Every structure is written in structure tokens, then in C-alpha cells.
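Engineer:
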Amino acid sequence: MMSTDTLLPQAPGAIGVFDSGYGGLTILRDIRKRLPAYDYIYLGDNARAPYGTRSFDIVYDFTRQAVEELFRRGCHLVILACNTASAKALRSIQQNDLPELDPHRRVLGVIRPTIESLGETSPSGNIGLLATPGTVRSHSYAMEVGKLYPDMKVTEKACPMWVPIVENGEAAKPGADYFVEKYINEILAENAKIDTLILGCTHYPILIDKIRKYTPEGISILPQGKLVADSLADYLHRHPEMDAKCTKGGNTVYLTTESPRQFEPLASIFMNDKVKAEKVVL
Ligand code: DGL
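Count the sequence shown with the working numbering and you get residues 937 to 1218, in order.
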């Protein structure tokens, strides 16, 4: 780990967006739509995805390495566009690492902005969480919901096959239907009163058509991109000192720990834009 902030560039830089793989692109897409003037660096740790089945310590180590890399590349603000990293690494990075790395830099997650929106979307207070095994095991959603809305009930369901389906480019293929239907049926069998399903993994919006197909009408499906984008816009508005450290050239740089040739075609589909990526070693 870096020992002091003296090694980090102090000039304004891009906003960093990190995910274990492709999933964070669903967040970046909405952030760029909401805040097109800013520069972004996206970092996908595709070579080590999925994170969802890994231990707390490993997810923390990998996430910290990614945040340090984004800081080294000039970011003052990094969004963990990954629920697993937000659940397992965000608090330690904020409390233990930032004071040492540079107390003026910020790392924000995706769980809080998602939960804050629940008051408006769930009349019955019965929430379903679809997420990776790691996010479910952390119970971060249930704990955070409990703090903001003590009367709400959260039913958590791990969907271990969904990320591999997306990372392997199988989301639109017929084989994906089996696992999408299975997990949705299982969570609704656990609590038939659920009126809101949180897609608590940034990979899941890529399966949204199939998720809609197997979700009964009347249940709201909550992807996170727009919620995170609105929350970031609000954050930058409330923190002009951070806004001043974010450059505004409208450019996005893509980094992947995998081979760029493997990353680019799928990333281009997710971004609906031609993606050119650079390999990074963490
Ligand atoms: N996209 C990530 C999330 O939101 C992690 C998926 C994974 O690597 O398992 O949790």
C-alpha cells in the first residue's frame, strides 16, 4: 500500500468508477447521461471477477488496489459501482485507508443511494434484494434499510449464476432464462408480499428484459444506475470543493485487468458506444 499522499497527483482529475467487471458500466452509462460534462476513468477488474463469491478480505484487498490505482491516475473521487465492494470494502477504505492515503479524496458506494429511494417505491414495505452471495452474506442492505426504515422487511436472495452469465456474454441467450426464473420464483416463494425488487448487483440490469419477463406485474424492479447518478449529482452540488477537483472534458478512459481485446466488444454493447480500453495491472 502507498504510505503517504505525497505520491498522488494533486491536480484536478477524472471521476473514477470501479467494478469487478462489466457491471459498473450500467452505472457509468447513467452517470454519463446525468453528468456528461465530466471526465471519467472506468476500471473493471475483469481478470479477477466475479467478486461475489470471494471472502471479505480478498474483496477488500482487490478493491483497495483499484482505488489506489484510480487515485494514482488523478481521481479525487471514486465511485464503487459494485455492491459487493460497497458491502465488503467501502467502510474499511473510508475509515482506515483514506486518512492515510489522502484524507481529502473520497470513495462513495452504491448501497446508500439505492436504499434512500425505497420510501417512494415500496408501499407495503416488503423489499426483495437480488444480489451476489457476498452482498447477501454481508447483510449490508438489511442493516442499512433497518436504520432508515425500521418497519420495512428485506428478503435477501443470492443469485450466484447471474454474474457469470453476464461476464460470459450469455445474458441474451436462452440458457439465461432458467436461472433468472429460478431465483425470482425462489425469492417470491420466501415472501409473496414483496412489492419491490432491488437489483443489488450492477451486472443485473444487463438481464433486465428477462428479469421483467419472470417478475409478476405490480412488482417494481429497481436498477441502481439512475439512483446513483442522481445521488452523485447531488453530492457534487453539495461539495463544490470536490466538484472543483473533477475535470470537465467529457472524456471517458476505460481500464481493464483483462485483455482489452476481450473487454472491448462486450463493453461497447453495454455502453452503446465504441469502447477502446487499456490494460492495467493492479
Ligand atoms: N457487479 C458487482 C456487484 O454489484 C459484483 C459482481 C461480482 O463480481 O460478483 O455486486
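Ideal Cβ placement from N, Cα and C applies to all residues, glycine included. For clarity, every value in this text was computed on a predicted model and none was experimentally measured.
Looking at the secondary structure, which residues open and close the alpha helix (DSSP H) in which tyrosine 976 lies?
Structural biologist: Here residue 976 refers to the residue found at position 40 when the sequence shown is read from its first residue. Looking at the DSSP string, tyrosine 976 is not in any alpha helix (DSSP H); the run it does join, the beta strand (DSSP E), is 976-980.
Engineer: Given this structure, state the Cα-to-Cα distance separating serine 1167 from proline 1049, to the nearest angstrom.
Structural biologist: The sequence position of residue 1167 within the sequence shown is 231, counting from 1. The sequence position of residue 1049 within the sequence shown is 113, counting from 1. Rounded to whole angstroms, serine 1167 to proline 1049 spans 6 Å at the Cα level.
Engineer: Is the distance from the Cβ of tyrosine 1077 to the Cβ of isoleucine 1120 below 7 Å?
Structural biologist: Stepping through the sequence shown from its first residue, residue 1077 is reached at position 141. Stepping through the sequence shown from its first residue, residue 1120 is reached at position 184. At a Cβ-Cβ threshold of 7 Å, tyrosine 1077 and isoleucine 1120 do not count as neighbours.
Engineer: Using 8 Å as the Cβ pair cut-off and three pairs as the minimum, do the stretch 1184-1195 and the stretch 976-983 touch?
Structural biologist: The answer is yes - the stretch 976-983 touches the stretch 1184-1195, with three or more Cβ pairs under 8 Å.
Engineer: From the DSSP secondary-structure annotation, give me the bridge partner or partners of asparagine 1062.
Structural biologist: For the purposes of this step, residue 1062 is taken as the residue at position 126 of the sequence shown. In DSSP, asparagine 1062 forms a bridge with Lys1089.
Engineer: Would a C-beta distance cut-off of 7 Å place leucine 1158 and isoleucine 1134 closer than the cut-off?
Structural biologist: Your numbering for residue 1158 matches position 222 in the sequence shown. Your numbering for residue 1134 matches position 198 in the sequence shown. Contact flag set, yes.
Engineer: Who are the Cβ neighbours of aspartate 941 in its own chain at under 7 Å, not counting the five residues just before and after it?
Structural biologist: For the purposes of this step, residue 941 is taken as the residue at position 5 of the sequence shown. In this prediction, aspartate 941 scores a pLDDT of 47, lower than 50, which makes its location untrustworthy; no coordinate-derived value is stated.
Engineer: Using the C-alpha atoms, what's the distance from alanine 1213 back to glutamine 1030?
Structural biologist: Locating residue 1030 in the sequence shown gives position 94, counting from the first residue. Locating residue 1213 in the sequence shown gives position 277, counting from the first residue. Cα to Cα, the separation comes out at about 28 Å.
Engineer: Is proline 1159 near the ligand DGL, judged by its Cβ being under 6 Å from some heavy atom?
Structural biologist: Taking the sequence shown and counting its residues from 1, one reaches residue 1159 at position 223. Checking every heavy atom of the ligand DGL against the Cβ of proline 1159, none is found closer than 6 Å.
Engineer: Just list the residues that DSSP pairs threonine 1132 with in beta bridges.
Structural biologist: The residue you call residue 1132 lines up with position 196 of the sequence shown. Checking the DSSP bridge columns, you'll see threonine 1132 partnered with Ile1063, Ser1156.
Engineer: Where serine 939 and glutamate 1004 are concerned, what is the direct C-alpha to C-alpha distance, given to the nearest angstrom?
Structural biologist: Position 3 of the sequence shown, counting from 1, holds the residue named residue 939. Position 68 of the sequence shown, counting from 1, holds the residue named residue 1004. For serine 939, the predicted structure reports a pLDDT of 49, less than 50, and the residue's modelled location is therefore unreliable. The matter cannot be settled from this model.
Engineer: Need the endpoints of the alpha helix (DSSP H) that isoleucine 1123 sits in, please.
Structural biologist: For the purposes of this step, residue 1123 is identified with residue 187 of the sequence shown, where counting begins at 1. Per DSSP, isoleucine 1123 belongs to the alpha helix (DSSP H) from 1111-1126.
Engineer: What separation, rounded to the nearest whole angstrom, lies between the Cα atoms of glycine 1064 and leucine 943?
Structural biologist: Taking the first residue of the sequence shown as 1, we reach residue 1064 at position 128. Taking the first residue of the sequence shown as 1, we reach residue 943 at position 7. Using only the alpha carbons, I get a separation of about 44 Å.
Engineer: Which same chain residues, not among the five before or five after threonine 962, have their C-beta less than 6 Å away from its C-beta?
Structural biologist: Locating residue 962 in the sequence shown gives position 26, where the first residue counts as 1. Cβ neighbours of threonine 962 beyond the five flanking positions: Thr1138, Pro1141, Gly1161.
Engineer: Alpha carbon to alpha carbon, what distance is there between aspartate 1145 and valine 1217?
Structural biologist: The residue given as residue 1217 occupies position 281 in the sequence shown. The residue given as residue 1145 occupies position 209 in the sequence shown. Taking the straight line from one Cα to the other gives about 34 Å.
Engineer: Classify arginine 1027 as buried or exposed, calling it buried when 16 or more other Cβ atoms lie within 10 Å of its own Cβ.
Structural biologist: What you label residue 1027 is simply residue 91 of the sequence shown in a count that begins at 1. Exposed: under 16 other Cβ atoms inside 10 Å.
Engineer: Indicate whether valine 1102 and glycine 988 have their beta-carbon atoms separated by less than 7 Å.
Structural biologist: In the sequence shown, the residue the question calls residue 1102 occupies position 166. In the sequence shown, the residue the question calls residue 988 occupies position 52. Not a contact, by the Cβ cut-off of 7 Å.
Engineer: For a test of your reading of the model: does the CB of tyrosine 987 fall under 6 Å from any non-hydrogen atom of the ligand DGL? Yes or no.
Structural biologist: Residue 987 sits at position 51 when you count from the first residue of the sequence shown. Because some heavy atom of the ligand DGL lies under 6 Å away, the Cβ of tyrosine 987 counts as near it: yes.
Engineer: Apply the 10 Å Cβ neighbour rule to glycine 1045 and answer buried if 16 or more other Cβ atoms are within range, or exposed otherwise.
Structural biologist: Position 109 of the sequence shown, counted from the start, is the residue given in the question as residue 1045. Buried is the call here.
Engineer: Is serine 956 near the ligand DGL, going by C-beta to nearest heavy atom under 6 Å?
Structural biologist: Taking the sequence shown and counting its residues from 1, one reaches residue 956 at position 20. Within the cutoff, so yes.
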